[in-house]
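Visitor:
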Amino acid sequence: MAKHKILIAALLLSSGQAMAAGQVDDDGFTNPLQELKFNPGLDQQEFERASSDALQVYDPLESWNRRVYHFNYRFDQWVFLPVVEGYQYVTPNLIQTGVHNFFSNLGEIPSLANSLLQLKGERAMNNTARLLFNTILGIGGLWDPATAMGLPKYREDFGQTLGYYGVPAGPYLMLPLLGPSNLRDTGGLVADYSLETAVNYLNVAEASSDNPGITVFRAVDQRANTSFRYGQFSSPFEYEKLRFFYHESRKLQIAD
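Going by the working numbering, the first residue of the sequence shown is number 96, and it counts up by one from there.
1) Since I believe residue 283 is in contact with residue 81 (beta carbons under 8 Å), could you give me their beta-carbon distance rounded to a whole number of angstroms?
2) Which residues in the same chain have their Cβ closer than 6 Å to the Cβ of residue 248, if we skip the five residues on either side of it in sequence?
3) Judging by CA-CA distance, which residue of 323, 312, 288 is the nearest neighbour of residue 341?
4) May I have the straight-line CA-CA distance separating residue 298 from residue 330, to the nearest angstrom?
5) Where in the stretch 233 to 309 do unbroken runs of the beta strand (DSSP E), each at least 3 residues long, occur, reported from the N-terminal end onward?
6) With a 10 Å radius around its C-beta and 16 neighbouring C-beta atoms as the bar for buried, classify residue 275 as buried or exposed.
7) Please report how far the alpha carbon of residue 163 lies from the alpha carbon of residue 350, in whole angstroms.
8) Kindly indicate which three-state DSSP category residue 194 falls into: helix, strand or coil?
9) Does the contact criterion of 3 or more C-beta pairs under 8 Å hold for the stretch 217 to 233 versus the stretch 175 to 183?
10) Take the Cβ of residue 244 as the centre, count every other Cβ of all protein chains shown within 10 Å, and call the residue buried at 16 or more, exposed below.
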């Protein structure tokens, strides 16, 4: 322990000498150690307890959720990703991009509706412009001229709308195939799906009901454009990490 303290003191001393020589850190601070505060009363046990508490998410169905998580992991490994790899292998990149743009354009419908529900007028106008430009100029959404014109892509869903009005997240849920969610966001998924079906934009919803292959095709496209892979954390606590990241990311999306 004494050796560690001597090493730290030496590092601090050398850092101070470097600062005195006029060197500047990469982040632009000339003396960042002045802003660094230590809490000598924080012992290791307290630190571990605080870290554990920070990762806690309301998960009364954890036993069931872990089973679904394991199923998703294996389905992804044995079925979903091999299908995605096959699709990417036989399909030219230009066609893949067109297919993704088309399905992404359909997602502007719930985004527009939820922007209006959240009273985000500027974002609603942006969604409307994107929908019109990509549908008309982009030949039904196969091309994305709206992005080229500088119109950013925003995603708003009914789960965010409920959170915007103070509806709590409720218990954490791991949905089969769909992945992490919670009770509020699961209800939001149902609402957004119902809206897309009711609007039936470009007759896709009706065609999908008659041809389930379109829904499967859309799922493959979505998985191909989702970077997350089960096991990528290389940690025995991946379930906890994924649960925490989802919970925190949804809070950020609602606050945006």
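Ideal Cβ placement from N, Cα and C applies to all residues, glycine included. Quick caveat, the model's predicted, so the values are computed rather than measured.
Guide: Let me lay it out:
1) Any answer about residue 81 is impossible in this case: the structure gives the chain only from 96 up to 351.
2) none
3) 323
4) Straight-line measurement puts the Cα of residue 330 at about 44 Å from the Cα of residue 298.
5) 267 to 270, 274 to 277
6) buried
7) 29 Å
8) helix
9) no
10) Residue burial is scored here from C-beta neighbours: residue 244 has fewer than 16 other C-beta atoms within 10 angstroms and is therefore classed as exposed.
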